[in-house]
Amino acid sequence: KVISQIKEPIRQEMELFEQKFRDSMSSRVALLNRITYYIVNRKGKQMRPMFVFLVAKMVSGGRVEERTYRGASVIELIHTATLVHDDVVDDSNKRRGFFSINALWKNKIAVLVGDYLLSKGLLLSIDNSDFDLLRIISVAVREMSEGELLQIEKARRLDIVESVYYEIIRQKTATLIAACCAMGACSVIPDDKETIEKMRLFGEYIGMAFQIKDDLFDYTEESIGKPTGIDIKEQKMTLPLIYTLNNCAEKERKWIINSIKNHNKDKKRVKEIINFVKQKNGLIYAEDKMREFQQKALEILSDFPDSEYKTALTLMVNYVIDRKI
Ligand code: 2DE
Ligand code: MG
Ligand code: MG
Ligand code: MG
Ligand code: MG
-11 KVISQIKEPI RQEMELFEQK FRDSMSSRVA LLNRITYYIV NRKGKQMRPM FVFLVAKMVS
49 GGRVEERTYR GASVIELIHT ATLVHDDVVD DSNKRRGFFS INALWKNKIA VLVGDYLLSK
109 GLLLSIDNSD FDLLRIISVA VREMSEGELL QIEKARRLDI VESVYYEIIR QKTATLIAAC
169 CAMGACSVIP DDKETIEKMR LFGEYIGMAF QIKDDLFDYT EESIGKPTGI DIKEQKMTLP
229 LIYTLNNCAE KERKWIINSI KNHNKDKKRV KEIINFVKQK NGLIYAEDKM REFQQKALEI
289 LSDFPDSEYK TALTLMVNYV IDRKI
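Under my numbering, the first residue of the sequence shown is numbered -11, with each subsequent residue one higher.
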């Protein structure tokens, strides 16, 4: 409901975008078309294109350009590619309540589909000589790949500190939302570097809050469609756990580390870790940090004159924090 309210000032743009996005994936290979058809039909909330259009309109007084559509398509293509690859990397068989591509077509095909979507995104910007877009998106892809690898490196050693956690989520999640907002601004006011940078930072703060929320879902049962304890099972150390490890007795710390190292497939033990984190206020701490990023994002918005686009962006920032899925 709040989503349709947010979409209201960009309804026409989103409709045209969907058409363009669908066209941008077409291939001569029937198998590929079958898979992209499946992807389009289980599409998510399309938050990223929404950021592109809302930011473009907010900073320009209601204008969008051809480049804005292209930016939105490129970012959605890359985003889709990363999700397809992420499910391979995480060995996950579900995405948005549907089977993942790797679950239905196996890893071999999922990797290639991800590569295809990535190349389509890059080509879309090159074919139009849109090098601002190409740079923004290439930086995001580099950062996401590094973030994922940093996460794997740290999961192996179980020695992650809070600052490294922020670096991981900034790279793997926040950079792409930052790219959306920078791209939205760049598409309509390419010479106003200061505003573009402001909007990039705005997106980064939202992205940080977004991933902390995602990580909190792993500890809370209310969320529908996502099981709990997956991150612990994968030895992924997220903020609630990092805080708890830094704020408990040495004996308890050893118990957690040993549990994650040697009993992470034991459902009962995972449940015990979750309960301990809750008891040590790990969730409250992470929620506070999430709200700090939310406030920083809202602060940036406050520099802009009131408009329906600013209102929608404010709703969106709050939605990221209050969402149930
Ligand atoms: C989501 O993390 C982060 C996704 C970034 C994935 C990036 C990859 C680099 P999560 P969820 C794999 C590949 C880049 C390309 C192909 C352009 O916590 O809970 O795993 O949604 O997210 O699975
Ligand atoms: Mg994943
Ligand atoms: Mg992942
Ligand atoms: Mg997650
Ligand atoms: Mg996620």
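Glycine is no exception: its CB is placed at the ideal position from the N, C-alpha and C atoms.
If you compare alpha carbons, which of Lys186, Ile(-2), Met278 and Trp93 is closest to Thr226? Translated into positions along the sequence shown, residue 226 becomes position 238. The shortest C-alpha separation from Thr226 is found at Met278.
Pull up the distance between the alpha-carbon of Phe9 and that of Leu271, whole angstroms please. Position 21 of the sequence shown holds residue 9. Position 283 of the sequence shown holds residue 271. Cα to Cα, the separation comes out at about 38 Å.
Every unbroken alpha helix (DSSP H) within the stretch 110 to 155, with a cutoff of 4 residues, ordered by chain: If we require 4 residues or more, the alpha helix (DSSP H) runs fully inside the stretch 110 to 155 come out as 119 to 145.
Can you tell me where the alpha helix (DSSP H) holding Asn250 begins and where it ends? Taking the sequence shown and counting its residues from 1, one reaches residue 250 at position 262. Per DSSP, the unbroken alpha helix (DSSP H) holding Asn250 starts and ends at Glu238 to Asn250.
Identity of the residues DSSP links to Phe86 by a beta bridge: Along the sequence shown, read from residue 1 onward, the residue named residue 86 stands at position 98. Answer is Arg83.
Determine the burial state of Val(-10): buried for a count of at least 16 other Cβ atoms within 10 Å of its Cβ, exposed for fewer. Counting from one through the sequence shown, the residue named residue -10 turns up at place 2. Exposed, since its Cβ has fewer than 16 Cβ neighbours within 10 Å.
Does the Cβ-Cβ distance between Asn81 and Ala91 come in under 7 Å? Taking the first residue of the sequence shown as 1, we reach residue 81 at position 93. Taking the first residue of the sequence shown as 1, we reach residue 91 at position 103. The Cβ atoms of Asn81 and Ala91 lie closer than 7 Å to each other.
Own chain residues within Cβ distance below 6 Å of Tyr193, not counting five before or after: Start at 1 with the first residue of the sequence shown, and residue 193 comes out as number 205. Answer for Tyr193: Phe281, Lys284 and Ala285, listed in chain order.
Based on Cα-Cα distance, which residue from Ala18, Tyr154, Ala173 and Lys96 lies nearest to Arg188? By 1-based counting over the sequence shown, the position of residue 188 is 200. Considering only Ala18, Tyr154, Ala173 and Lys96, the residue with the shortest C-alpha distance to Arg188 is Ala173.
Please confirm whether any heavy atom of ligand 3 lies closer than 6 Å to the CB of Asp103. On the sequence shown, residue 103 is found 115 positions in, with the first residue counted as 1. For Asp103, the shortest C-beta to heavy atom distance toward ligand 3 is 6 Å or greater.
Selection from Asp180, Asp179 and Thr161 that minimises the alpha carbon distance to Met196: Taking the sequence shown and counting its residues from 1, the one referred to as residue 196 is at position 208. Answer by Cα proximity: Thr161.
I need the DSSP call for Phe281, collapsed to helix, strand or coil. What you label residue 281 is simply residue 293 of the sequence shown in a count that begins at 1. DSSP places Phe281 in helix when its eight states are reduced to three.
Mapping the DSSP letters down to three states, classify Ile(-6) as helix, strand or coil. The residue you call residue -6 lines up with position 6 of the sequence shown. Residue state, collapsed to three classes: helix.
Cα-Cα separation, Gln159 to Asn306: Position 171 of the sequence shown, counted from the first residue, corresponds to residue 159. Position 318 of the sequence shown, counted from the first residue, corresponds to residue 306. Going by the C-alpha atoms only, they are around 22 Å apart.
Could you give the residue range of the alpha helix (DSSP H) that holds Asp294? Residue numbering aside, residue 294 sits at position 306 when the sequence shown is read from its first letter. Looking at the DSSP string, Asp294 is not in any alpha helix (DSSP H), and its letter there is neither H nor E.
By Cβ distance, which residues of its chain are closer than 6 Å to Ile248, with the 5 residues on each side in sequence left out? On the sequence shown, residue 248 is found 260 positions in, with the first residue counted as 1. Answer for Ile248: Gln223, listed in chain order.
Could you compute how far the alpha carbon of Glu64 sits from the alpha carbon of Glu238? By one-based count along the sequence shown, residue 64 stands at place 76. By one-based count along the sequence shown, residue 238 stands at place 250. If I take the Cα positions, the gap works out to 45 Å.
Just to check, is the beta-carbon of Asp202 closer than 6 Å to a non-hydrogen atom of ligand 4? As a working mapping, residue 202 is identified with position 214 in the sequence shown. Closer than 6 Å to some heavy atom of ligand 4: that describes the Cβ of Asp202.
Ile125: which of Leu110, Gln139, Ser133 and Glu136 sits nearest, CA to CA? Within the sequence shown, numbered from 1, the residue matching residue 125 stands at position 137. Selection Leu110, Gln139, Ser133 and Glu136 evaluated against Ile125 yields Leu110 as nearest (Cα-Cα).
Can you tell which of Asp118, Leu229, Val308 and Asn269 has the C-alpha that lies nearest to the C-alpha of Ser175? Residue 175 sits at position 187 when you count from the first residue of the sequence shown. In terms of CA proximity to Ser175, Asp118 leads the group Asp118, Leu229, Val308 and Asn269.
Can you tell me whether DSSP reads Pro228 as helix, strand or coil? Residue 228 sits at position 240 when you count from the first residue of the sequence shown. The answer is helix: DSSP assigns Pro228 an H, G or I state.
Should Gly59 and Leu4 be called a contact, given that it needs their Cβ atoms to be closer than 7 Å? Here residue 59 corresponds to residue number 71 of the sequence shown, with the count starting at 1. Here residue 4 corresponds to residue number 16 of the sequence shown, with the count starting at 1. Taking 7 Å as the cut-off, the Cβ atoms of Gly59 and Leu4 do not count as close.
From Leu301, Asp179, His73 and Glu6, residue whose alpha carbon lies closest to that of Asp103: Stepping through the sequence shown from its first residue, residue 103 is reached at position 115. Residue nearest to Asp103 within the set Leu301, Asp179, His73 and Glu6 is His73 (criterion: CA-CA distance).
Cβ-based burial, Gly85 [other Cβ within 10 Å; buried from 16]: The residue given as residue 85 occupies position 97 in the sequence shown. Of the other Cβ atoms in all chains shown, fewer than 16 fall within 10 Å of the Cβ of Gly85; this residue is therefore exposed.
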